[in-house]
Amino acid sequence: MNIRLYTHSDREIWDSYVTDHPEGTFFHLSQWKILVESSFGHESFYLMAEDHHRLRGVFPLFSVKSLLFGRSMVSLPFAAYGGILADTEDAKAALYRKAVELTQEHHLDYLELRNETQPMPDLPEKDLYVVFKKEISADNDKNFNAIPKKARRMIRLGIKNELKGVFGREELLNDFYGLFAFNYHRLGTPVFSKSYLKNILKTFGHKCDLLVIYKDQQPLSGVLTFYYKDQVIPYYSGAYPEAQDWSANDYLYWILMSNAAERGCRIFDYGRSKKDTGPYHFKRHWGFEPKPLHYQYYLNRLSEMPNISPANPKYRRKIEMWKKLPIWFVNMIGPQIVKYVP
581 MNIRLYTHSD REIWDSYVTD HPEGTFFHLS QWKILVESSF GHESFYLMAE
631 DHHRLRGVFP LFSVKSLLFG RSMVSLPFAA YGGILADTED AKAALYRKAV
681 ELTQEHHLDY LELRNETQPM PDLPEKDLYV VFKKEISADN DKNFNAIPKK
731 ARRMIRLGIK NELKGVFGRE ELLNDFYGLF AFNYHRLGTP VFSKSYLKNI
781 LKTFGHKCDL LVIYKDQQPL SGVLTFYYKD QVIPYYSGAY PEAQDWSAND
831 YLYWILMSNA AERGCRIFDY GRSKKDTGPY HFKRHWGFEP KPLHYQYYLN
881 RLSEMPNISP ANPKYRRKIE MWKKLPIWFV NMIGPQIVKY VP
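Using the numbering used here, read the sequence shown as starting at 581 and increasing by one per residue.
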């Protein structure tokens, strides 16, 4: 089994392999490599396993080096999912060994695998994130009736309130970014830059879009969504406090779901959430059931799994301080911090 690094000429074969693999995800596509490199400058190590000149597996990796948060090898940063895709156990084992070797060679603290399924045996695993996925129908009446009663009532209120959902791209970016940045500030976490979101739209083209919900001309809530095969993946979102008064959040996801069903999507991937958080309970309120994500670690220079999550108690005071800073200030310095929190 030969393990080598991806080159630009491998893009077509890499993406074909990811798309054909039953466990391939949106984030395994080569465009995620382009996005992270061009937005944050992190070094990539996209590994390919070949046997007799035939591709047998891939393993996308980035090294992320920070004075504040340590030095790591991650599959994949800023993504819900990552990890190894392989046809055989031999290919999977060879890719993992090479990743460990690179982690050691570069003197990194740990290797993180963000597996959606198929965890590696005998690696420590963090019990923090879950994912919410559900099949949707081509018939939106069926989709509506599958939503629990309370959420249906909120959607009807959104309709009664004459909210307007607008799909678009760069022309909605300013309105969406205001919602997005407000949400991060409310949570006390550094926000990505507007240029990063613009780069997403540029890099993924028709595979992503923006949806913003308005009351008259006032934006209330919004979401940046990815599309992959038959899946719709709402990924980044935000809302102003008034959204709750107008039922704009439930209305947002109903408009997204119904539009996705009409364009042929059959899986609604509500994304990852930390257990017992607000987003976790909101998704359950929509009738989605959580499934564990298998985030695993090879510990190279650490004795225990890293914890750079905002849920870590040691960050509590910093988070409360961050919430009190002016939003213009955190929007300016936040992107310089969040690029090192993969």
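Virtual Cβ for every residue (Gly too), placed ideally from N, Cα, C.
Given the structure is predicted, the values throughout are model-derived calculations rather than measurements.
Distance, residue j Cα to residue i Cα
| i | j | result |
| --- | --- | --- |
| Pro-701 | Ala-673 | 11 Å |
| Tyr-816 | Arg-733 | 25 Å |
| Asn-754 | Lys-774 | 8 Å |
| Leu-873 | Ser-655 | 13 Å |
| Glu-742 | Asp-825 | 13 Å |
| Asp-595 | Val-918 | 28 Å |
| Lys-678 | Tyr-586 | 13 Å |
| Glu-751 | Phe-862 | 29 Å |
| Gln-698 | Leu-905 | 42 Å |
| His-687 | Pro-915 | 26 Å |
| Gly-858 | Glu-869 | 15 Å |
| Gln-797 | Asn-839 | 22 Å |
| Ile-844 | Ile-739 | First, the residue type needs correcting, since residue 844 is Gly and not Ile in the sequence shown. Looking at the two C-alpha atoms, the distance is approximately 24 Å. |
| Leu-767 | Glu-630 | 44 Å |
| Asn-880 | His-633 | 32 Å |
| Met-901 | Ser-717 | 45 Å |
| Tyr-597 | Phe-620 | 26 Å |
| Asp-729 | Glu-822 | Correcting the residue identity first, residue 729 is Lys in this sequence and not Asp. In a straight line, the C-alpha of Lys-729 is about 22 Å away from that of Glu-822. |
| Gly-785 | Asn-779 | 10 Å |
| His-588 | Leu-882 | 34 Å |
| Ile-913 | Lys-706 | 29 Å |
| Lys-744 | Lys-795 | 6 Å |
| Thr-668 | Thr-605 | 18 Å |
| Asn-763 | Ile-907 | 11 Å |
| Leu-791 | Phe-909 | 26 Å |
Assumed close pair residue i, residue j - CB separation to whole angstroms, cut-off 8 Å
| i | j | result |
| --- | --- | --- |
| Gln-811 | Asn-695 | Not a contact, Cβ separation roughly 17 Å. |
| Leu-635 | Ile-583 | Contact flag wrong, Cβ pair sits at about 11 Å. |
| Ala-828 | Ser-801 | 4 Å |
| Arg-528 | Asp-719 | This structure does not reach residue 528, given that the chain is present from 581 up to 922, and the question cannot be answered. |
| Asn-723 | Ala-841 | 6 Å |
| Glu-603 | Leu-665 | 6 Å |
| Leu-648 | Tyr-878 | The pair is not a contact, with the Cβ atoms about 22 Å apart (cut-off 8 Å). |
| Tyr-808 | Lys-787 | 7 Å |
| Asp-600 | Lys-713 | Their Cβ separation, rounded to whole angstroms, is 20 Å, which puts Asp-600 and Lys-713 out of contact at 8 Å. |
Cβ of residue i within 8 Å of any chain D Cβ
| i | result |
| --- | --- |
| Lys-740 | No chain D appears in this structure, which consists of one protein chain only. |
Distance CB(residue i)-CB(residue j) smaller than 8 Å
| i | j | result |
| --- | --- | --- |
| Val-644 | Met-628 | no |
| Pro-886 | Tyr-690 | yes |
| Pro-799 | Thr-805 | no |
| Val-711 | Gly-851 | yes |
| Glu-692 | Ser-646 | no |
| Tyr-626 | Leu-641 | yes |
| Glu-681 | Ile-847 | no |
| Gly-662 | Leu-759 | no |
| His-765 | Lys-894 | no |
| Ile-793 | Leu-832 | yes |
| Lys-871 | Leu-708 | no |
| Ile-888 | Val-921 | yes |
| Leu-777 | Val-803 | no |
Beta-carbon proximity list for residue i, same chain, < 6 Å, skipping 5 on both sides
| i | result |
| --- | --- |
| Ala-761 | Val-771 and Asn-911 |
| Ala-731 | Asp-830, His-865 and Trp-866 |
| Thr-769 | Pro-890 |
| Gly-650 | Asp-689 |
| Glu-884 | none |
| Thr-683 | Met-653, Leu-691 and Asn-880 |
8 Å CB neighbourhood of residue i in its chain, flanking five on each side removed
| i | result |
| --- | --- |
| Ile-727 | Ile-735, Trp-834, Trp-866 and Gly-867 |
| Thr-927 | The structure shown does not extend to residue 927, since the chain is modelled only from 581 to 922, so the question has no answer here. |
Spatial neighbours of residue i in its chain, beta-carbon cut-off 7 Å, leaving aside the 5 residues before and after
| i | result |
| --- | --- |
| Asp-670 | Met-581 |
| Ala-659 | Phe-607, Trp-612 and Arg-694 |
| Asp-590 | Met-628 |
| Leu-781 | Arg-749, Glu-750 and Cys-788 |
| His-622 | Val-616, Phe-642, Ser-643, Val-644 and Pro-657 |
Item to check | 3 or more residues per run - each beta strand (DSSP E) lying fully within the region 726-755 | outcome: 744-748
Checklist entry - Where in the region 664-736 do unbroken runs of the alpha helix (DSSP H), each at least 4 residues long, occur, reported from the N-terminal end onward? => result 669-685 and 720-726
Next on the checklist: So within the region 891-919, which uninterrupted alpha helix (DSSP H) runs reach at least 4 residues, ignoring any that extend past its ends?
Outcome noted: 896-904 and 907-918
Next on the checklist: Ignoring anything shorter than 3 residues, give me the beta strand (DSSP E) runs that lie fully in the region 768-793, in order along the chain.
Outcome noted: none
Checklist entry - Residue ranges of each beta strand (DSSP E) run of no fewer than 3 residues wholly in the region 825-901, ordered along the chain? => result The region 825-901 contains these whole beta strand (DSSP E) runs: 847-854, 870-872 and 874-879.
Item to check | Every unbroken beta strand (DSSP E) inside the region 625-654 [3 residues or more] | outcome: 634-646
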